[in-house]
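K.L.:
So that we are looking at the same thing, I have put the structure below in structure tokens.
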Amino acid sequence: QVQLVESGGGLVQAGGSLRLSCTASGRPLGNKAMGWFRQAPGKEREFVAAISWSGISTAYADSVKGRFTISRINAKTTVHLQMNSLISEDTAVYYCVVDGWGDTWNSWGQGTQVTVSS
């Protein structure tokens, strides 16, 4: 079993920045990808970004391209999501995921709230 712990969420004004972090522990990750999803109030959960084990391959939702950057450090067990130029539509609970790609992932974190005030 892999445990995922997210941190870095909070309240920020529109145009500001936040950096989310997620650290995996428990069972070794092997060569698994990591990523982020989000769910806004009243909306379905949506993919945000993903990064491969090596860090060479990344993927982003169109809505965050050019504003968010995903990276991976610390022996590949920690993933960051740098979020710049935040807008109110980015307000959501952000979930860290591991072991998957696209819309299918096997392990999920508990989530961290990001609120962007306009």
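According to our numbering, the sequence shown holds residues 36 to 153 in order.
The beta carbon of each residue, even a glycine, is placed where N, CA and C say it ideally should be.
Quantities reported herein were computed from a predicted structural model and do not represent experimental measurements.
1) Under the rule that 16 or more other beta-carbon atoms within 10 Å means buried, what is ALA110, buried or exposed?
2) Thinking C-alpha only, which one of THR113, SER142, ASN119 is nearest SER42?
3) Identify, in the order they occur along the chain, each residue of the same chain with its Cβ nearer than 7 Å to the Cβ of LYS67, setting aside the five sequence neighbours on each side.
4) Which ranges does the beta strand (DSSP E) cover as unbroken runs of at least 3 residues, wholly within the region 63-127, from first to last along the chain?
5) With DSSP run on the structure shown, which of helix, strand or coil describes GLY146?
6) How far does the beta strand (DSSP E) with SER60 in it extend, from its first residue to its last?
7) Across the region 56-74 and the region 130-150, are there enough close Cβ pairs to call them in contact, namely three or more that are closer than 8 Å?
P.N.:
Straight from the coordinates:
1) Reading the sequence shown from its first residue, position 75 is the one you call residue 110. So ALA110 ends up on the exposed side.
2) In the sequence shown, residue 42 corresponds to position 7, counting from 1. When only C-alpha atoms are compared, the closest one is THR113.
3) As a first step, residue 67 must be located in the sequence shown, where it is residue number 32. Excluding sequence neighbours, LYS67 sits near TRP88, VAL133, ASP134.
4) 69-74, 81-86, 93-95, 103-108, 113-118
5) Here residue 146 refers to the residue found at position 111 of the sequence shown. In the structure shown, GLY146 sits in coil (DSSP, three-state: anything other than H, G, I, E or B).
6) By one-based count along the sequence shown, residue 60 stands at place 25. Segment 53-61, the beta strand (DSSP E) holding SER60.
7) yes
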